[in-house]
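Notes follow once the structure below has been shown.
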Amino acid sequence: MYNSQLPTDGSTAPMGTSMGSGLFNPRTERHSNERIRVLLKSFGLRTSLIRLKVIDALLTAAESDRSLGVRGVHSHLLDLDIPLSFLSVREVLKRLCSEGVITLNPDKSYSLHPQAFAALHGE
(Lines of atoms letter the chains of each structure in order from A; the text may use other names.)
(Lines give C-alpha, C1' and ligand atoms only; values in the text may rest on other atoms or scores of the structure.)
Protein backbone atom coordinates (compact mmCIF):
# COMPACT_ATOMS: atom_id res chain seq x y z
CA MET A 1 0.00 0.00 0.00
CA TYR A 2 1.30 3.45 -0.88
CA ASN A 3 2.09 5.86 1.93
CA SER A 4 2.85 9.41 0.82
CA GLN A 5 4.85 10.08 3.98
CA LEU A 6 7.44 7.39 3.30
CA PRO A 7 10.35 8.07 0.96
CA THR A 8 10.21 6.52 -2.48
CA ASP A 9 13.90 5.57 -2.58
CA GLY A 10 13.23 2.12 -1.11
CA SER A 11 14.12 2.88 2.50
CA THR A 12 11.49 2.14 5.12
CA ALA A 13 12.08 4.94 7.63
CA PRO A 14 12.34 8.68 7.13
CA MET A 15 15.88 10.07 7.11
CA GLY A 16 17.32 10.83 10.55
CA THR A 17 15.05 8.51 12.49
CA SER A 18 15.34 5.01 13.75
CA MET A 19 12.54 2.52 14.17
CA GLY A 20 13.55 1.55 17.71
CA SER A 21 13.50 5.03 19.22
CA GLY A 22 10.77 7.48 19.98
CA LEU A 23 8.00 8.24 22.37
CA PHE A 24 6.25 4.93 21.88
CA ASN A 25 9.06 2.73 23.08
CA PRO A 26 7.47 0.40 25.65
CA ARG A 27 10.70 0.29 27.65
CA THR A 28 10.27 3.93 28.66
CA GLU A 29 7.52 3.11 31.17
CA ARG A 30 8.23 3.86 34.80
CA HIS A 31 7.83 0.26 35.97
CA SER A 32 8.09 -2.72 33.74
CA ASN A 33 4.61 -4.04 33.05
CA GLU A 34 6.21 -7.39 32.29
CA ARG A 35 7.39 -7.73 35.89
CA ILE A 36 3.88 -6.97 37.14
CA ARG A 37 2.39 -9.44 34.64
CA VAL A 38 4.71 -12.18 35.94
CA LEU A 39 3.79 -11.27 39.50
CA LEU A 40 0.07 -11.53 38.79
CA LYS A 41 0.56 -14.83 37.00
CA SER A 42 2.54 -16.22 39.95
CA PHE A 43 -0.46 -15.47 42.17
CA GLY A 44 -2.81 -17.14 39.69
CA LEU A 45 -4.37 -13.89 38.49
CA ARG A 46 -5.01 -12.72 34.97
CA THR A 47 -3.49 -9.47 33.80
CA SER A 48 -5.79 -6.51 33.37
CA LEU A 49 -5.06 -2.85 32.76
CA ILE A 50 -6.59 -1.81 36.06
CA ARG A 51 -4.52 -4.35 38.01
CA LEU A 52 -1.34 -3.17 36.28
CA LYS A 53 -2.11 0.46 37.05
CA VAL A 54 -3.12 -0.15 40.67
CA ILE A 55 0.06 -2.12 41.41
CA ASP A 56 2.13 0.52 39.60
CA ALA A 57 0.49 3.23 41.77
CA LEU A 58 1.38 1.30 44.93
CA LEU A 59 4.96 0.85 43.72
CA THR A 60 5.27 4.56 42.97
CA ALA A 61 3.92 5.44 46.42
CA ALA A 62 6.31 2.98 48.10
CA GLU A 63 9.28 4.56 46.31
CA SER A 64 8.21 7.94 47.72
CA ASP A 65 7.72 6.51 51.23
CA ARG A 66 4.00 7.24 51.03
CA SER A 67 1.01 5.04 51.64
CA LEU A 68 -2.19 5.12 49.64
CA GLY A 69 -5.72 4.21 50.56
CA VAL A 70 -8.52 3.66 48.08
CA ARG A 71 -9.01 7.39 47.53
CA GLY A 72 -5.28 7.92 47.09
CA VAL A 73 -4.98 5.18 44.47
CA HIS A 74 -8.08 6.48 42.69
CA SER A 75 -6.75 10.06 42.70
CA HIS A 76 -3.36 8.89 41.44
CA LEU A 77 -5.01 7.11 38.52
CA LEU A 78 -7.18 10.13 37.70
CA ASP A 79 -4.04 12.31 37.72
CA LEU A 80 -2.63 9.96 35.07
CA ASP A 81 -5.81 10.41 32.97
CA ILE A 82 -6.93 6.85 33.62
CA PRO A 83 -10.70 7.21 34.06
CA LEU A 84 -11.65 4.41 36.43
CA SER A 85 -14.49 4.61 38.89
CA PHE A 86 -13.84 4.70 42.61
CA LEU A 87 -15.80 1.45 42.98
CA SER A 88 -13.69 -0.31 40.36
CA VAL A 89 -10.48 0.69 42.11
CA ARG A 90 -11.88 -0.43 45.47
CA GLU A 91 -12.91 -3.83 44.10
CA VAL A 92 -9.51 -4.41 42.49
CA LEU A 93 -7.76 -3.52 45.74
CA LYS A 94 -10.02 -5.91 47.67
CA ARG A 95 -9.35 -8.71 45.17
CA LEU A 96 -5.59 -8.18 45.19
CA CYS A 97 -5.71 -8.15 48.99
CA SER A 98 -7.72 -11.38 49.17
CA GLU A 99 -5.24 -13.07 46.82
CA GLY A 100 -2.27 -11.97 48.94
CA VAL A 101 -0.65 -9.62 46.42
CA ILE A 102 -1.20 -6.56 48.60
CA THR A 103 -1.98 -6.02 52.26
CA LEU A 104 -4.42 -3.71 54.03
CA ASN A 105 -2.55 -1.79 56.72
CA PRO A 106 -4.10 -0.76 60.08
CA ASP A 107 -4.39 2.85 58.82
CA LYS A 108 -6.56 1.64 55.88
CA SER A 109 -3.76 2.14 53.37
CA TYR A 110 -2.56 -0.56 50.99
CA SER A 111 0.93 -1.80 50.28
CA LEU A 112 2.50 -4.65 48.39
CA HIS A 113 2.81 -7.86 50.36
CA PRO A 114 6.49 -8.42 51.27
CA GLN A 115 6.56 -11.58 49.13
CA ALA A 116 5.15 -9.68 46.12
CA PHE A 117 7.57 -6.81 46.69
CA ALA A 118 10.50 -9.23 46.79
CA ALA A 119 9.29 -10.95 43.62
CA LEU A 120 9.10 -7.63 41.78
CA HIS A 121 12.59 -6.65 42.84
CA GLY A 122 14.17 -10.01 42.12
CA GLU A 123 14.97 -10.83 45.74
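According to UniProt numbering, the residues represented by the sequence shown are 1 to 123, in order.
Glycine included, every Cβ here is placed at the ideal spot set by N, Cα and C.
Predicted model, so just to flag it, every value in this text is computed and none were measured.
Between A62 and S111, the C-beta gap is smaller than 8 Å, which places the two residues in contact.
DSSP, reduced to helix, strand and coil, places S64 outside both helices and strands of the structure shown, so it counts as coil. Annotation: the region 38–103 contains the following complete segments of the alpha helix (DSSP H) (minimum length 4 residues), in chain order: 49–63, 70–79, 86–98. Contact between I36 and I55 holds: CB atoms are separated by about 5 Å, below the 8 Å threshold. Contact annotation: L45 and L58 have beta-carbon atoms that are not nearer than 8 Å. Going by DSSP, P114 is part of the alpha helix (DSSP H) stretching over 114–120. Rounded to whole angstroms, the gap between the alpha carbons of N105 and V38 is 24 Å. Between I82 and L93, the CB-CB gap reaches or exceeds 8 Å. The straight-line gap separating the alpha-carbon atoms of R95 and S42 is approximately 15 Å. For G100 against H121, the beta-carbon gap comes to about 17 Å, at or over 8 Å, which does not count as contact.
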